[in-house]
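Start counting the sequence shown at 196; every next residue gets the next number (our numbering).
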Amino acid sequence: MDQPLTDQPLTDQQPTRRSFEELVAEGAAVPTEGWDFSWFEGRATEARPSWGYARSMARRLAGAQAVLDIHTGGGEVLDLALGEATRAPTLTVATEVWPPNVAKATARLRPRGVAVVATRDDAPLPFADATFDLVVARHPIRADWPEITRVLQPGGTYFAQHVGPASVFELVEYFLGPQPDQIRSNRHPDRERAEAEAAGLEIVDLRAERLRMEFHDIAAVVHFLRKVIWMVPGFTVEKYEPELRSLHERIESQGPFVAHSSRHLVEARKPRP
C-alpha cells in the first residue's frame with residue numbers, strides 16, 4: 196500500500212461507544228513491528244498520493260538488474276511491488292535499521308530471494324560503488340544523497356516516496372505545541388532537490404502532495420504515535436494522559452481529528468560519464 200493508514204471508507208454502522216480507558220489500552224497493546232497499517236481500517240484514514248508508488252515501483256523493478264531498497268521496514272512495499280512486477284531483477288537487496296523490522300522483513304522477503312541487511316542510519320551503505328542500477332525507498336528515515344549516488348551505477352535511477360515537510364503536524368503540534376519554522380521546513384522537496392544535485396544526481400521528476408488524514412478514535416492516535424515514533428519523541432500514554440483524554444473528548448463530541456500528511460515523489464538519475 197502507498198500510505199500509512201487505510202483509505203477505505205468507514206462502515207455506516209455505528210459502533211458501541213467505548214470508554215477512554217478501553218480505547219487507550221487497545222491502542223497501547225497493538226504490536227508496532229513492520230509497516231503493515233491494516234489495523235487502522237475502520238478507525239483512521241489517509242488519502243493516497245496520486246502517483247501510486249508501489250505500482251510505479253513494480254514497473255521499474257521489471258526493467259532493472261540490481262536493486263536496492265533502503266529502509267524497507269517490514270518489507271511490505273517491496274514485497275507488493277515484486278509481486279506485481281512482470282519480471283524480477285537478477286539481484287534485490289534491502290536494508291533496515293530497526294532489529295524487529297529486520298526479522299520481519301527477512302521472513303517476508305526471503306521467499307522472493309531478497310537479502311535483508313541490517314544497517315545503521317548513520318553508517319555508509321555496506322555495498323561497493325556502482326552496484327545497483329535502481330535504488331528505491333519508501334519513507335526513508337533520511338536520504339543520504341552521497342551514499343545513494345555512490346552505490347548507483349552511471350545511468351542508474353533513484354526512485355522514492357519521501358515524507359515531506361510538516362507532515363501530520365496538526366497532531367504533532369497538538370501534543371508538542373507550535374514548532375519553529377526550521378523544524379516545519381525539514382524534508383522540503385526544494386531542499387532535497389538541492390542536496391541531490393549537490394551529490395551529483397539529476398532530478399528527473401519531483402512532485403509533492405498534502406493528503407487528508409482522519410483519526411476516528413483515540414486508540415488510533417495512540418497506536419499511530421507508538422508506531423511512528425519520531426512524530427512525538429518519547430510518547431507514552433502515561434506522559435500524555437491529559438492531552439489524550441482531552442482529544443478523546445473532542446473526537447467524541449466533534450468527530451474525527453483531521454490532519455494532513457506530506458509526501459513527495461522523487462526520481463533522480465546518476466549521469467553517465
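Don't be surprised by glycine CBs; every beta carbon is placed ideally from N, CA and C.
What number of angstroms, rounded off, separates the C-alpha of residue i from the C-alpha of residue j?
i	j	result
V432	R421	9 Å
R464	A239	36 Å
V225	P349	44 Å
Y369	V363	10 Å
A325	V331	15 Å
E271	G372	33 Å
G308	R467	30 Å
P341	L218	45 Å
Q356	S448	36 Å
E392	G351	15 Å
Which class does residue i belong to by DSSP, given the choice of helix, strand or coil?
i	result
D412	coil
R337	coil
H418	helix
D231	coil
V331	strand
V432	coil
R405	strand
I424	coil
Between which two residues does the beta strand (DSSP E) carrying residue i extend?
i	result
A310	310–313
S457	452–464
A355	347–358
E241	239–241
L366	It is not in any beta strand (DSSP E) - L366 instead sits in the alpha helix (DSSP H) that spans 364–371.
L256	No beta strand (DSSP E) contains L256, which is instead part of the alpha helix (DSSP H) from 248–257.
T290	286–291
Between which two residues does the alpha helix (DSSP H) harbouring residue i extend?
i	result
I378	376–379
D264	Counting along the chain, D264 falls outside any alpha helix (DSSP H), though it belongs to the beta strand (DSSP E) covering 261–265.
E217	215–224
T301	294–304
E387	384–393
V272	271–279
Under 7 Å Cβ to Cβ from residue i, same chain only, skipping five residues before and after it: list those, please.
i	result
P284	L256, A259, Q260, A261, V262
R402	W246, H459, L460
At a cut-off of 7 Å, would you count residue i as near the ligand GDP, judging by its Cβ distance to the nearest heavy atom?
i	result
G429	Among the components modelled here there is no ligand, and therefore nothing to report on the ligand GDP.
Which residues in the same chain as residue i place their Cβ atom closer than 8 Å to its Cβ, once the five residues preceding and following it in sequence are excluded?
i	result
V358	H334, R382, S456, S457, R458
L442	Y369, I413, V416, F452
Leaving out five residues before and five after residue i in sequence, what residues of the same chain have Cβ atoms less than 6 Å from its Cβ?
i	result
F322	V346
G222	A414, V417, H418
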